[in-house]
Amino acid sequence: DTAVSQTPKYLVTQMGNDKSIKCEQNLGHDTMYWYKQDSKKFLKIMFSYNNKELIINETVPNRFSPKSPDKAHLNLHINSLELGDSAVYFCASSQEGRGRFTEAFFGQGTRLTVV
Amino acid sequence: GESVGLHLPTLSVQEGDNSIINCAYSNSASDYFIWYKQESGKGPQFIIDIRSNMDKRQGQRVTVLLNKTVKHLSLQIAATQPGDSAVYFCAENLLTGGGSNYKLTFGKGTLLTVNP
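Here it is as structure tokens:
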């Protein structure tokens with residue numbers, strides 16, 4: 188059983204295109220995230236959603252628009268793709284509550300290559 | 067090889083040796099810390115965590131030490147095996163948004179290579 192699944196695993200596209208990455212978690216968590224990992228393996232949080240509500244937006248360009256139709260899904264739409272958007276994008280989920288945080292579970296990643 | 071151009075801190079050990087991976091964190095208010103392992107082509111995977119009211123926690127072959135005075139974490143892996151080869155990240159968790167939301171921030175990562 189896959190806990191956090193994201194599709195597609197690989198995405199190659201031309202500059203200027205619009206693309207989406209989908210993420211689903213079956214852990215019953217109420218918080219989901221998008222992280223970006225660059226070529227130097229640095230992992231940086233982009234967005235966090237709690238029960239479909241945007242909680243964290245780390246000054247990501249507004250070409251990136253997350254959408255959470257329900258608490259089990261968090262999709263990432265990217266408009267007007269640029270070369271610098273090439274990276275691996277990870278979706279994750281965690282359970283927050285009662286003033287405590289539990290570990291985040293990560294998907295397998297989507298390798299986006301913009302040409 | 068994978069490490070070319072990455073400029074990650076690297077640690078190379080012989081199979082069977084113990085490994086120690088170090089991490090400095092930035093915020094003294096962080097109250098929860100996690101070590102993740104990331105194998106090539108995969109997402110980060112939870113190894114062990116520790117809360118700020120502890121200074122040591124042990125798992126199976128792994129131990130995490132927390133020194134809040136100097137804001138330092140370490141991950142010790144006993145009897146390192148080739149399957150332990152991966153990039154290891156420490157992450158600190160901090161309450162943000164006036165204390166209402168959590169934010170997990172990752173450190174730079176260390177590439178561990180285990181030689182058979």
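Note that the protein sequences, when read in sequence, are chains A and D. So for the first sequence, this note's numbering puts the first residue at 188; every next one is plus one. So for the second sequence, this note's numbering puts the first residue at 67; every next one is plus one. Just so you know, even glycine gets a beta-carbon here, dropped at the ideal spot from N, CA and C. Nothing here was measured: the structure is a model prediction, and the numbers come from that model.
Using a Cβ-Cβ cutoff of less than 8 Å, which residues in the same chain neighbour residue i once the five nearest sequence positions on both sides are dropped?
{"i": "Ser207 (chain A)", "result": "Asn262, Leu263, His264, Ile265"}
{"i": "Leu198 (chain A)", "result": "Lys206, Ile208, Thr297, Arg298, Leu299, Thr300"}
{"i": "Glu283 (chain A)", "result": "Asp217, Thr218, Asn237, Thr289"}
{"i": "Leu214 (chain A)", "result": "Ala190, Val191, Ser280, Gln282, Phe292"}
Quick one: what's got a C-beta closer than 6 Å to residue i's C-beta in the same chain, skipping five residues either side?
{"i": "Thr15 (chain D)", "result": "The requested residue 15 (chain D) is not part of the displayed model; chain D covers only 67 to 182."}
{"i": "Gly125 (chain D)", "result": "Ile114"}
{"i": "Leu131 (chain D)", "result": "Lys122, Ser140"}
{"i": "Ser255 (chain A)", "result": "Tyr236, Lys239, Leu261"}
{"i": "Val275 (chain A)", "result": "Gln224, Gly296, Arg298"}
{"i": "Asp97 (chain D)", "result": "Ser118"}
Of all the CB atoms in chain D, is at least one closer than 8 Å to the CB of residue i?
{"i": "Gln201 (chain A)", "result": "no"}
{"i": "Glu269 (chain A)", "result": "no"}
{"i": "Asn251 (chain A)", "result": "Note on identity: in this sequence residue 251 (chain A) is Phe, with Asn being the wrong assignment. With 8 Å as the cut-off, Phe251 (chain A) does not count as an interface residue toward chain D."}
{"i": "Lys223 (chain A)", "result": "no"}
{"i": "Ala274 (chain A)", "result": "no"}
{"i": "Asn262 (chain A)", "result": "no"}
{"i": "Leu230 (chain A)", "result": "yes"}
{"i": "Gly215 (chain A)", "result": "no"}
{"i": "Phe288 (chain A)", "result": "yes"}
{"i": "Asn244 (chain A)", "result": "no"}
{"i": "Ala291 (chain A)", "result": "yes"}
{"i": "Asn237 (chain A)", "result": "yes"}
{"i": "Gln212 (chain A)", "result": "no"}
{"i": "Phe277 (chain A)", "result": "yes"}
Using a Cβ cut-off of 8 Å (strictly closer), state whether residue i contacts chain A.
{"i": "Asp115 (chain D)", "result": "yes"}
{"i": "Asn159 (chain D)", "result": "yes"}
{"i": "Ile100 (chain D)", "result": "yes"}
{"i": "Thr76 (chain D)", "result": "no"}
{"i": "Asn167 (chain D)", "result": "yes"}
{"i": "Thr171 (chain D)", "result": "yes"}
{"i": "Pro110 (chain D)", "result": "yes"}
{"i": "Lys134 (chain D)", "result": "no"}
{"i": "Val153 (chain D)", "result": "yes"}
{"i": "Gly175 (chain D)", "result": "yes"}
{"i": "Val70 (chain D)", "result": "Its pLDDT being 43, under 50, Val70 (chain D) is placed unreliably by the model, and the measurement read from it follows with that caveat. No - not a single Cβ of chain A is within 8 Å of the one on Val70 (chain D)."}
Kindly indicate which residue of the options has the alpha-carbon position closest to the one of residue i.
{"i": "Thr171 (chain D)", "options": "A:Leu214, A:Ile243, A:Asp257, A:Glu211", "result": "A:Ile243"}
{"i": "Cys156 (chain D)", "options": "D:His138, D:Met120, D:Tyr168", "result": "D:His138"}
{"i": "Leu177 (chain D)", "options": "D:Ala144, D:Thr162, D:Lys108, D:Tyr154", "result": "D:Tyr154"}
{"i": "Ala259 (chain A)", "options": "A:Gln193, A:Glu211, A:Thr200", "result": "A:Glu211"}
{"i": "Asn159 (chain D)", "options": "A:Gln193, A:Gly271, A:Ile232, A:Met202", "result": "A:Ile232"}
{"i": "Met202 (chain A)", "options": "A:Thr246, A:Phe277, A:Glu269", "result": "A:Glu269"}
If residue i sits next to residue j, beta carbons under 8 Å apart, how far is it from one beta carbon to the other, in whole angstroms?
{"i": "Ile116 (chain D)", "j": "Phe99 (chain D)", "result": "5 Å"}
{"i": "Trp221 (chain A)", "j": "Pro253 (chain A)", "result": "6 Å"}
{"i": "Val128 (chain D)", "j": "Gln111 (chain D)", "result": "Val128 (chain D) to Gln111 (chain D), Cβ: 12 Å. No contact."}
Sorted by chain position, which residues of the same chain lie with C-beta nearer than 7 Å to residue i's C-beta, five sequence neighbours on each side aside?
{"i": "Arg250 (chain A)", "result": "Ile265, Asn266, Ser267"}
{"i": "Glu105 (chain D)", "result": "Ala152"}
Is the stretch 74–93 of chain D in contact with the stretch 286–297 of chain A, if contact means three or more CB pairs nearer than 8 Å? no
Assess contact between the stretch 217–227 of chain A and the stretch 84–98 of chain D, defined as three or more Cβ pairs (one per stretch) separated by less than 8 Å. Is contact present? no
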